[in-house]
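Colleague: Numbering (the working numbering), first residue to last: 53 to 160. A virtual CB, placed ideally from N, CA and C, is assigned to each residue, including glycine. No experiment lies behind these values; they were computed from the predicted model shown. I have a structure I would like to understand better, so I am pasting it below and will then ask my questions one at a time.
As C-alpha cells, this is what we get:
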C-alpha cells in the first residue's frame with residue numbers, strides 16, 4: 053500500500069496558506085492542510101540575516117503525489133523560493149493512512 057507523506061512549507065499569512073491549502077484539497081493532491089499561524093522566523097536570505105512573521109502549513113498527502121504537490125505549491129506560492137520539505141512518514145495509524153489515501157489521487 054502506498055504510504056502517506058507530509059510537506060512542510062511556510063507562507064507570509066494565514067489567508068494565503070488557507071487559499072493554497074484549499075486548492076490542494078479540492079484538486080485531491082492533499083487530504084488536509086494544517087495552517088499554524090504565529091510563527092517568527094530568523095533566516096539567511098541573499099547574504100543577510102532576516103526576521104519575519106510566517107505561517108506554517110503541513111500538507112498531508114501520499115508518496116505518489118510528491119512531485120505534483122510540489123509543482124502545485126511552487127505555482128501558487130508567493131515566495132521567490134518557497135520552502136518545500138518532504139517528510140517521510142515512518143508509520144501511521146491504519147485508519148489515518150486509509151483516510152489520506154482515500155482523499156487523494158484519482159476521484160472515486
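1. Just how far apart, CA to CA, sit residue 59 and residue 101?
2. Which two residues bound the contiguous beta strand (DSSP E) that contains residue 117?
3. Does the Cβ of residue 148 have 16 or more other Cβ atoms within 10 Å, making it buried, or fewer, making it exposed?
4. For the alpha helix (DSSP H) that residue 76 lies in, which residues bound it at each end?
5. Going by alpha carbons, who is nearest to residue 74 out of 109, 55 and 132?
6. Find the nearest neighbour of residue 120 within the set 143, 94 and 156, judged by alpha-carbon distance.
7. If contacts are defined as beta-carbon pairs under 8 Å, then residue 85 and residue 111 qualify, I think. What distance do you get, rounded to the angstrom?
8. On the DSSP bridge list, what partners appear for residue 107?
9. So, with DSSP's three-state summary, where would you put residue 92?
Modeller: For this structure:
1. Rounded to the nearest angstrom, the two C-alpha atoms are 25 Å apart.
2. Careful: residue 117 lies outside any beta strand (DSSP E) and carries neither H nor E.
3. exposed
4. 66-78
5. 109
6. 156
7. 5 Å
8. 63
9. strand
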